[in-house]
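Residue numbers for the sequence shown, in this note's numbering: 2 to 590. Yeah, the Cβ is synthetic: ideal placement off N, Cα and C, and Gly gets one too. Since this is a predicted model, take the numbers as computed values, not measurements. Here the structure is laid out as structure tokens; the discussion comes afterwards.
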Amino acid sequence: MFCVKNNKRISSALRGGLCLCLSGVGFIASPFLQAEDSAYKKPDLKEKIFDSAKIELASERKAEIVNALTAVAVAKNTETLVRAKAIGIALRLDSIAKRAFVANEMLAKGKDPDPFPSSWGDMKAMADRLWRLADELKLADGADKDNFIVASYLMSIYTAMEPDDLDRKYELAVFSKEKDVEMDWVSIIGDAEEGEAGGKKMTPGIVESDREGSPLKLARLQTKVKGLLVQQLEANTFAGKASQMNATAEASGSSKEMSVAFDQGVGEDMRTALKKVVKYLRLQHKSLPAGYRVEISFEEQYIPKDGPSAAVACALLLNSLIEGDDIDPDIAVTGDMNADGTVQPVGGITGKLRGAVRRDCSVIGIPEPNKRVINDLLIVEGPLSLSRIQIFTLGKFEDAWKLAASHDKRNAEIKESIEVFGEVQKVLNRSGGIKYLRNSHVRERLKKCLELTPNHLSAQLLLDASMGRVPKKLSLLGSVENIDRTAEPLLRAIRQKKFDISDPLAGDEYADAASAIKRIRPMLDDRTLKCADALVNYSLLMRRYATARPKSYNGVRKLVAEIQGAGSVINQEYDTLYSRVDVKEEIMR
């Protein structure tokens, strides 16, 4: 949660809870420079690298591996060397696999084979499938040398597709050493391949240590982006906000790598998040420019801030300075980030979305693990809440960078997807337009968005709603957050001490809170119902105190004792809820 340090309050999410801090562990190797992409060259299938007949795995799973490798090879964005790697292993596993054979011949002739259906997912999904299949090979009953060799090749292709995943590159290096496996890519695709952990020696190139040294200059000295935060208001209440964040670089007169810091006081969590961002960018760019001091600022200069969810926004700012590209002024982002570029979940998503809408942000990027929160928003507020803004999920920093690109530099698929969803927005946001959600043309437009950008969450959830696939119950975390939000009038009334019976509006706050909690009760996760009921009981007692207080001293004392007891029940119910193992595990995810 990207916000000021908060005080204790009765409601659940800010009264207690769990916080998980993740830190990336980087593995730094010295890779060779990759050769430039060139025309496809058929892999050499003569030399025996492993014995396919000795692989311990069900035949249908072997076929799945061949299909997965072929899908990678025919995908339009796959690099030439990766295509040759994939085909080289696929045809060794099954020399008469028709689709792999045809793909090999067409690629050699400079033709594009038909790609696999979109249900196979994007490049990241294909890479992840290879890694899962490698795990199956390693863990299969009776797995021996041949299983391990094929697994290592699949893992190696994964690292070629996802070069920034240092954790899995490290796993490959460890696995190759433990199992004494050597990957002989030279025998498969010649000597154009870059060095691989655990592989045979390749054609020499310039290693990372030979390339040390920074660019003379940053590509630009100022840039800006909107980051989503949760800001404290008076009376300890909170609201989401899209805050303009700026990065400014100045010459430092030093020969050392550029320094990066916030220009105002921030908490330890936010400083730690920035360190991980700098580490990630250093790994991506091999080194950072020297002789600069970079300051990151927020437009709310005098409000202290903390939390890790400014990480993605900070990474966009710094990458913009380094590469020189503008950031789309209509986009806003939130998310923590590991040193390997993986975007991590954050809190306060619903409030941040409302803040983005108020700031007229048209496109928002949120962490992929937070998508369940948006599903909860659909349940509580209906489809119109998602027709006003385009929400994309971010799995890695590259997703954020592509999304944040200015209009003239934006990826063609993302640009078209945003335009297509804009057509849907025009229909749904006119008077009575929501009735067209089930219209076949609208559905086709939403499907088109997902074909172009599978991470377009607004399109996915609206399509689900058009087909009646919206869940009836909120997630556990969504239930807790919605109880907090609806109980806010009760808490505000208590803080403002609206106990005076002479005030005709004194009991309205309590009545509103009780009604709001009762309204959402059917949507709540069953595990939170006792907490909700305890808050309703407390609010009704408070309303009675404000509007129908007993006239006798003993009557007042009795009512006060009931209120105090009801308050204790709230605490007990939340303590019971958070002590459950399943609840802890679900909140931590």
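{"Asked": "Three-state class that DSSP yields for S188 in the structure shown", "Found": "helix"}
{"Asked": "Rounded separation between I350 and Q573 - CA only", "Found": "27 Å"}
{"Asked": "Classification of D576 by the beta-carbon crowding that lies within 10 angstroms, buried from 16 upward", "Found": "exposed"}
{"Asked": "Beta-carbon proximity of V73 to T81, cut-off 9 Å", "Found": "no"}
{"Asked": "Complete runs of the beta strand (DSSP E) confined to the segment 252-307 [at least 3 residues]", "Found": "260-263, 293-299"}
{"Asked": "Own chain residues within Cβ distance below 7 Å of C450, not counting five before or after", "Found": "S418, V421, F422, H457, A460"}
{"Asked": "Continuous beta strand (DSSP E) stretch holding G366: start and end", "Found": "364-368"}
{"Asked": "Cut-off 6 Å between Cβ atoms - residues of its own chain near I150, not counting five sequence neighbours on either side", "Found": "F51, V182"}
{"Asked": "L478 and V582 closer than 9 Å at C-beta", "Found": "no"}
{"Asked": "Exposure of G620, with buried meaning 16 or more beta-carbon neighbours within 10 Å", "Found": "Outside the displayed range of the chain (2 to 590) lies residue 620, so it cannot be described from this structure."}
{"Asked": "C-beta atoms of K43 and I88 nearer than 9 Å", "Found": "yes"}
{"Asked": "Complete runs of the alpha helix (DSSP H) confined to the segment 32-100 [at least 4 residues]", "Found": "60-75, 81-94"}
{"Asked": "Cβ-Cβ distance between E369 and L404 below 9 Å", "Found": "no"}
{"Asked": "Residues near V537 by beta carbon distance below 6 Å, same chain, minus five either side", "Found": "A515, I518"}
{"Asked": "P455 versus R528 - alpha carbon distance", "Found": "33 Å"}
{"Asked": "Where K531 sits in the DSSP three-state scheme", "Found": "helix"}
{"Asked": "Neighbour-count burial assignment, Y554, 16 or more Cβ in a 10 Å radius", "Found": "exposed"}
{"Asked": "Pairwise C-alpha distance: K86 and Q115", "Found": "Here residue 115 turns out to be Asp, not Gln, going by the sequence shown. Approximately 18 Å between the Cα atoms of the pair."}
{"Asked": "C-alpha distance - T487 paired with S569, whole-angstrom precision", "Found": "20 Å"}
{"Asked": "Buried versus exposed call for P490 [16 or more other C-beta atoms within 10 Å across all chains shown]", "Found": "buried"}
{"Asked": "Bridge partners - V666, DSSP secondary structure assignment", "Found": "Since the displayed the chain opens at 2 and closes at 590, residue 666 lies outside it and no answer follows."}
{"Asked": "Assigned exposure category for M246 - 16 Cβ within 10 Å defines buried", "Found": "buried"}
{"Asked": "Cβ-Cβ distance between F393 and I365 below 9 Å", "Found": "yes"}
{"Asked": "Opening and closing residue of the alpha helix (DSSP H) in which L613 lies", "Found": "The structure shown does not extend to residue 613, since the chain spans only 2 to 590, so no value can be given for it."}
{"Asked": "M338 beta carbon less than 9 Å from that of A250", "Found": "no"}
{"Asked": "I564, enclosing alpha helix (DSSP H) - first and last residue", "Found": "554-580"}
{"Asked": "Sheet register partners of Q345 (DSSP bridge)", "Found": "D337"}
{"Asked": "Buried versus exposed, by CB contacts within 10 Å (16 or more), M468", "Found": "exposed"}
{"Asked": "Residue(s) in a DSSP beta bridge with Q391", "Found": "V364"}
{"Asked": "Beta-carbon contacts of E563 that lie in its chain and below 6 Å, excluding the five residues immediately before and after", "Found": "L542"}
{"Asked": "Residue interval of the alpha helix (DSSP H) (run including H408)", "Found": "Note, H408: premise wrong, no alpha helix (DSSP H); not H, not E."}
{"Asked": "Among D513, D377, K139, nearest to D526 - alpha-carbon criterion", "Found": "D377"}
{"Asked": "Residue from S386, S256, A76, L94 with nearest C-alpha to L108", "Found": "A76"}
{"Asked": "L219 classed as buried or exposed, judged by whether at least 16 other C-beta atoms fall within 10 angstroms", "Found": "buried"}
{"Asked": "Under 9 Å between C-beta atoms of G356 and L230", "Found": "yes"}
{"Asked": "C-alpha gap between K473 and V67, whole angstroms", "Found": "40 Å"}
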